Amino acid sequence: MVEKLGLQPLQVLQQTAPKSLSASEVSEQFGHFLTDAMGKLNQQQQEVDKLNDQFAKGEISDVHQLIIATEKSSLGLQLTVQVRNKVIDAYQEIMRMQV
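For the sequence shown, the residue numbers in the working numbering are 62 to 160.
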């Protein structure tokens, strides 16, 4: 028997006018976001390397941990490549615009 999900509607938060940011602030925030994302991706890859070493030494009997970590790292890398491609496409589109 399948149980229904107990989803509750989101409460609407009071909307305030968004703080306007300068281009340099937006650029800085985006840079921090990308740096954090790349750091997390690197940590995932290091975890996969560690688990691979442990598996090769016979220290891990549960292969599922290794497979899940590998898939997470692979998906993270694919996402990073797609974001990079979209950023490059946006840059190229901006460069084609006539002023």
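Every residue gets a Cβ at the ideal spot worked out from N, C-alpha and C, and that includes glycine.
Source: prediction; values computed, not measured.
Taking a 10 Å sphere around the C-beta of S134, we find 16 or more other C-beta atoms and assign the residue as buried.
The three-state secondary structure of L82, taken from DSSP, is coil.
Three or more Cβ pairs drawn from the stretch 105-116 and the stretch 124-143 lie within less than 8 Å of each other, which places the two stretches in contact. Counting along the chain, I155 sits inside the alpha helix (DSSP H) bounded by residues 124-157. G92 sits in a helix when the DSSP states are folded into three classes. Burial is judged here by how many other beta carbons sit within 10 angstroms of a residue's own beta carbon; L112 has at least 16 and is buried.
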